[in-house]
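Structure first, then comments.
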Amino acid sequence: MGVLTNLQPERVFYYFEEISKIPHGSGNIRQMSDYLAAFAREQGLTYIQDTAGNVIICKPATKGYEQEPALILQGHMDMVAVQTPDSTKDMLTEGLDLAVDGDFIYAENTTLGGDDGIAVAYALAILESREIKHPKLEVIITVDEEIGLLGAGVIDLSMLEGHRMINLDSEEEGIFWTSCAGGAGADCMLPVEREHATGLAVEIIVDGLQGGHSGCEIHKEHGNANCLMARALYNVIRGLDLQMVELSGGVADNAIPRLTKAMVLVEPEKVQQLQEKLLQEEQQIKGELGAKDPDFKLEVRVLEQGDYEVLNVRTTLLVLSFLMALPNGVLAMSGDVPGLVETSLNMGVLKLEEQLLHAQFSVRSSVESAKDALIAKLQAIVELAGGRLVISGAYPGWKYRVDSPLRDKMIRVYEEMYGTRPKVEAIHAGLECGILGSKIADLDCISLGPDMYNVHTTEERLSISSTAKVWNYLIRLLEEKDHV
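Each residue of the sequence shown is one higher than the one before, counting from 52 in this note's numbering.
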């Protein structure tokens, strides 16, 4: 018996548990893609599986719905695969360990993948059903959304009939998203020089931060572990002649990093001074973060004296100065939509290799020129430091549609079911609607989903009751005819 067996809607949670058994972190989606293709074959449905792994599954209209406009349901199959530091799970080969706590589903010691596994579960349960009435359905499940909307960028949709689409990649039930920011990945790369040195190794750890989704939660100003590490080391390096050995933090450019580790080499007689300075940094940062990140901590562990390959003192200072100069967080709020972040960036991944430092950002803006200007700023900083910038996964924003028959219908059905009007809002996070809208002429699109919390972190939670509410709404919406 499965962990979710007794939950309702039964088939939705059945499929959610099934796909949770399959490793499907971004860049590791072949097994999941093959599972979806096999599902389509078993159900006798027409499908396309492209070379990237994207899957499109089509189901004919049920009797009496042949004249209704075709409807596209859309989500992505990959998840941000994050685990706690003490987890021994191999997320490349092992599935998730699901658990239930009251109204919430979570995964033990890892992210849950509700973003966007719940979209896949909804779609499979609908496609499987012989009882739900619906127009022709065209289900699009893309790959590698979390690392730059890569699947949406290469998918061919020329064979589709539908011009109305429900994107199932939102995380707040009762809110209909109608536009989103555009974005890109930015890898700021800086060459480094190493040398052989002898000294006392000290490990420094920034931990205890809440993290979160850099699109949905950047406005909460949670601490960024990569930025805080750079700040702390930059502020203590002078007079100590520190040399960097290792530096790493974060797991994805669109996840606010919670944990960053560094190893530095220091003269033994200066260790106490280093510890005292870092303690001062910890106290200052903790006071600044306050309730935004109450569990922040900066740990110092003295390791062994020995021989190491290190960055020389000049390069260590250059690296820290470079990281301090790079912007991070919310840069501008929208002048048109109160409370909406317009432009931001997140230093999601920090990685020091043998000859190269990578600082990887997710850049977002609902104004294309502002996005371009921010990328140009990064370019200028990187070039001044002697490095280079590589942009990847650029995607357009999703513009609000003034005339939307789908939105009008969805609002009306929601009001009839629940006696209240849903919120209709814009979102700073990137959705695939903009890219897919460039491939389907006159696409009318709305995004929705059930309540999820702490997405892209190991505290991710999916509400069972909200999942059921969204399911009931979707079924009613499918059965609601335009032509009576």
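Note that CB positions come from ideal geometry on N, CA and C, so glycine has one too.
| Query | Result |
| --- | --- |
| Leu371: first and last residue of the uninterrupted alpha helix (DSSP H) it sits in | 364 to 376 |
| Anticipated Cβ contact below 8 Å, Ala170 with Asp220, distance rounded | 6 Å |
| Rounded distance between the beta-carbons of Met130 and Gly164, thought under 8 Å | 3 Å |
| Leu403 vs Thr394 beta-carbon contact at 7 Å | no |
| Gly233 - partner residues in DSSP beta bridges | Ser416 |
| Three-state secondary structure assigned by DSSP to Glu434 | helix |
| Glu467 (DSSP reduced to helix, strand or coil) | helix |
| CA-to-CA distance, Leu377 to Leu369, given in whole angstroms | 12 Å |
| The region 438 to 448 in contact with the region 192 to 209 per 3-pair CB rule at 8 Å | yes |
| Check whether Val190 and Asn105 have beta carbons under 7 Å apart | no |
| Three-pair Cβ contact test at 8 Å for the region 250 to 257 versus the region 302 to 316 | yes |
| Reduced DSSP secondary structure (H/G/I, E/B, other) of Ser71 | helix |
| Delimiting residues of the alpha helix (DSSP H) encompassing Gln94 | 81 to 94 |
| Sub-7 Å separation of Leu362 and Tyr285 beta-carbons | no |
| At least 3 beta-carbon pairs within less than 8 Å: the region 350 to 358 vs the region 407 to 415 | no |
| Per-residue burial, Lys343 [other beta carbons within 10 Å of its own, 16 or more giving buried] | exposed |
| C-beta atoms of His214 and Leu494 nearer than 7 Å | yes |
| Inter-residue CB distance, Ala232 and His479 (contact presumed, cutoff 8 Å) | 5 Å |
| Residue interval of the beta strand (DSSP E) (run including Tyr157) | 155 to 158 |
| Identified DSSP bridge partners for Ile256 | Lys312, Glu350 |
| C-beta contact flag for Gly266 and Gly481 at 7 Å | yes |
| Local conformation of Thr518 per DSSP, three classes | helix |
| Bounding residues of the alpha helix (DSSP H) (the contiguous stretch that carries Asn277) | 276 to 287 |
| Ordered list of beta strand (DSSP E) runs contained in the region 136 to 190, each at least 3 residues | 149 to 152, 155 to 158 |
| Rounded straight-line distance, which links the Cα of Ile515 to that of Trp522 | 11 Å |
| Counterpart residues of Thr193 in DSSP-defined beta bridges | His127 |
| Spatially closest choice to Asn79 from Ser209, Gly448, Glu196, by CA coordinates | Glu196 |
| Val381 - containing alpha helix (DSSP H), residue span | First-last for Val381: 380 to 384, but that is the beta strand (DSSP E), not the alpha helix (DSSP H). |
| Contact under 7 Å by Cβ, Leu622 with Lys114 | Since the first and last residues shown for the chain are 52 and 535, residue 622 lies out of range. |
| Simplified DSSP state of Val535, which is helix, strand or coil | The pLDDT assigned to Val535 is 49, lower than 50, so where the model puts this residue is not dependable; a value taken from the coordinates is nonetheless given after this. If DSSP states are grouped into helix, strand and coil, Val535 belongs with coil. |
| 7 Å Cβ shell around Ile73 - same chain, five flanking residues per side excluded | Gln82, Met83, Tyr86, Gly146 |
| Cβ pair Ile37, Met461 closer than 7 Å | Look at the range of the chain in this structure, 52 to 535, and you will see that residue 37 is not part of it. |
| Three-state secondary structure (DSSP) of Ala303 | coil |
| For Val296, the three-state DSSP class (helix, strand or coil) | strand |
| Bounding residues of the beta strand (DSSP E) (the contiguous stretch that carries Ala342) | Per DSSP, Ala342 belongs to no beta strand (DSSP E) and is neither H nor E. |
| DSSP three-state assignment for Leu219, whether helix, strand or coil | coil |
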